[in-house]
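In the numbering used here, the protein residues as written are 72 to 195. The beta carbon of each residue, even a glycine, is placed where N, CA and C say it ideally should be. Please read these numbers as outputs of a predicted model, since none were measured by experiment. Inspection log for the structure reproduced underneath, given as structure tokens.
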């Protein structure tokens, strides 16, 4: 039996609603995919170890508020979820283009003066 898009979508909806944690969602998605062919295109050779890192720092205190590391395989899912929470200045299509192009390093650095935060996005 193949994992359906609807099953994956249900897990992501539960994550969005706060019914499960990100770790639980990742675990469920991995468990669903074991021994089955994935219905989405995976990373190209050499990209398996790549990660997307997002950091949000409080400019007033210098304290890091968010530090997220996403494996390459979850980047497109994470981008769809993150689009709801990203500041208006973040162009997610630009981020996805940089990822597809194989860019490595800091790809975005935004200071949100309204919320007094700095958002940095890296590809590692």
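Item, Value
"C-alpha distance - residue 130 paired with residue 188, whole-angstrom precision", "5 Å"
"Bridge partners - residue 137, DSSP secondary structure assignment", "127"
"Collapsed DSSP secondary structure at residue 179 in the structure displayed", "strand"
"Where residue 122 sits in the DSSP three-state scheme", "strand"
"Spatial neighbours of residue 127 in its chain, beta-carbon cut-off 6 Å, leaving aside the 5 residues before and after", "136, 137, 188 and 190"
"Alpha-carbon to alpha-carbon, residue 79 and residue 139", "21 Å"
"Reference residue 122; option with closest CA among 81, 98, 173 and 183", "173"
"Residue burial classification, residue 177 (beta-carbon count within 10 angstroms, cutoff 16)", "exposed"
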